[in-house]
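Chains as they are written, first to last, in this note's numbering: chain A, 3 to 206; chain B, 3 to 206.
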């Protein structure tokens, strides 16, 4: 591959760092680096500092593993939230997405990954025993599995089901089906088929 | 607008900084920040440092204004390049694009902007006198104007033409026309019309 000469090693390094981000190509990286060049020095200092501050200062909630500024996150320490429901998700981003809906008032448990033999991730690499402990020790009445429907996601859901089924807790999973406002025409066959299979009584 | 709660101020700040970049929305910014969280600390340090190092250490060539690690850039200090031609461009990125073609062996002059009364940029805000000096003092035989065809670009080209036309130097502009490999069908009318007007003898 022809190597672009950036005429400045400093520029080249900044471009390389931007291009190391997912979804950022070398052309965009150059655009971003040249954008920074035009900003005041203190803005660039603040820009750079925010990332080291995040990486060095980040904490994870000791209860649910969500990213947090404190030992226990704002959801786990809230008195307003329903401690009898735990929603199990793969990632921090899933929690943010669910919080965004403003429709869920229970607790979370962030696995930080899913069982994936190909990537060498087994059940013991995930905080599953911690989830079992939470269910055993607490006032938990329901565990909602909100993992993906990929093979790894299904495997993890099944494993969690096996681990939790001995305990007196209801285990549920989020509804899958045709999205609200989606056309049947553009819905994939699997989703559409399952949405008919899993039909329920019409409510008004 | 509903404000996303990122559950961590550090995460929120990093997302805000990423989202301040051109073309990066808040969703992408979150993805990038979470990506950094998964990287080793030293990589994030290097990532952040590259931007402050660029911003604080950047130099501009004292001859052509191109970004450079030294007082004079590699093009201006090269003995291999043709000092009798200067190509006038708006930005650093234009120089990189032209260098990328590996078809040009002359000098550059980076204006760092174009004349734009709306943005309050007049001729005196651009290093135009410096260009005139280069032409007067040096062995320059030709100045190529490679500015955009926007109204501001044309105005700047015309202004440069007026300033340089008294000096014994050839003033040229880059060829505009239908791109190599482009379909006539998808070429805009102005370009296609001009490409017919500016036709030249067929060469084999």
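Glycine included, C-beta positions come from ideal geometry on N, C-alpha and C.
query	result
Which stretch, first to last residue, makes up the beta strand (DSSP E) that contains residue 154 (chain A)?	First-last for residue 154 (chain A): 153–166, but that is the alpha helix (DSSP H), not the beta strand (DSSP E).
For the segment 61–103 of chain B, which segments carrying the alpha helix (DSSP H) assignment without a break, of at least 4 residues, lie completely within its bounds, in sequence order?	76–79, 94–103
Please state whether the Cβ-Cβ distance between residue 149 (chain A) and residue 53 (chain B) is less than 8 angstroms.	no
Name, going along the chain, the residues of the segment 107–120 of chain A whose beta-carbon falls closer than 9 angstroms to a beta-carbon of chain B.	none
To the nearest angstrom, how far is the alpha carbon of residue 3 (chain B) from that of residue 47 (chain A)?	Interpretation of residue 3 (chain B) is limited by its pLDDT of 42, a score under 50 that renders its predicted location unreliable; the figure taken from the coordinates is listed afterwards. Roughly 28 angstroms separates the two Cα atoms.
Which bits of chain A does residue 73 (chain B) rub up against, with CB to CB less than 8 angstroms?	The contacting residues do not exist; residue 73 (chain B) stays about 13 angstroms from chain A at best.
Taking 8 angstroms as the CB-CB cut-off, is residue 69 (chain A) touching chain B?	yes
Can residue 147 (chain A) and residue 169 (chain A) be called in contact, C-beta distance under 8 angstroms?	no
I'd like to know whether the C-beta atoms of residue 171 (chain A) and residue 12 (chain B) end up nearer to each other than 8 angstroms.	no
Within the present structure, is the beta-carbon of residue 123 (chain B) separated from the nearest heavy atom of the ligand GDP by less than 7 angstroms?	The ligand content of the structure shown is nil, which means the ligand GDP is not present either.
Within the 8 angstroms Cβ cut-off, does residue 198 (chain A) reach chain B?	no
The alpha helix (DSSP H) that contains residue 130 (chain A), what's its start and end?	130–139
Check whether chain A comes within 8 angstroms of residue 83 (chain B), counting only Cβ atoms and requiring the distance to be less than that.	no
If I follow the unbroken alpha helix (DSSP H) through residue 18 (chain B), where does it start and stop?	11–21
My output table needs one value for residue 188 (chain A): the three-state DSSP class, helix, strand or coil.	helix
Could you tell me whether any Cβ in chain A is nearer than 8 angstroms to the Cβ of residue 148 (chain B)?	no
Give the interface partners of residue 11 (chain A) over in chain B, defined as CB-CB distance under 9 angstroms, in chain order.	71
Looking only at DSSP bridge pairs, what is residue 123 (chain A) linked to?	A:118
Report yes or no: is there a C-beta of chain A within less than 8 angstroms of the C-beta of residue 98 (chain B)?	yes
Can you tell which of A:164, A:201, A:158, A:166 has the C-alpha that lies nearest to the C-alpha of residue 178 (chain A)?	A:201
On the DSSP bridge list, what partners appear for residue 174 (chain B)?	B:146
Residue 103 (chain B) touches chain A at which residues, Cβ-Cβ below 8 angstroms?	Residues of chain A passing the Cβ test: none, with the nearest at roughly 11 angstroms.
Spatial neighbours of residue 189 (chain A) within its chain, please: C-beta separation below 6 angstroms, excluding the five flanking residues on both sides.	180
Is residue 88 (chain A) close to chain B, meaning its C-beta is less than 8 angstroms from at least one C-beta of that chain?	no
Can you grab the Cα-Cα spacing for the pair residue 117 (chain A) / residue 131 (chain A), in whole Å?	14 angstroms
Can you check DSSP and say which residues form a bridge with residue 110 (chain B)?	B:89
Along chain D, in chain order, which residues have C-beta atoms closer than 9 angstroms to that of residue 31 (chain A)?	Among the chains of the structure shown, chain D does not appear; the protein chains present are A and B.
Take the Cβ of residue 15 (chain B) as the centre, count every other Cβ of all protein chains shown within 10 Å, and call the residue buried at 16 or more, exposed below.	buried
Going by the beta-carbon positions, is the gap between residue 67 (chain A) and residue 112 (chain A) smaller than 8 angstroms?	yes
What does the alpha-carbon distance come out to for the pair residue 158 (chain A) and residue 125 (chain A)?	8 angstroms
Establish whether the CB of residue 7 (chain A) and some CB of chain B are separated by less than 8 angstroms.	yes
Got a sec: which bits of the segment 43–60 of chain B sit with their beta carbon under 9 angstroms from any beta carbon on chain A, in order along the chain?	43, 45, 46, 47, 48, 49, 50, 51, 52, 53, 54, 55, 56, 57, 58, 59, 60
Between A:121, A:107, A:100, which has its C-alpha nearest residue 85 (chain A)'s C-alpha?	A:107
Does DSSP classify residue 182 (chain A) as helix, strand or coil?	coil
Grouping DSSP H, G and I as helix and E and B as strand, with all else coil, what is residue 33 (chain A)?	helix
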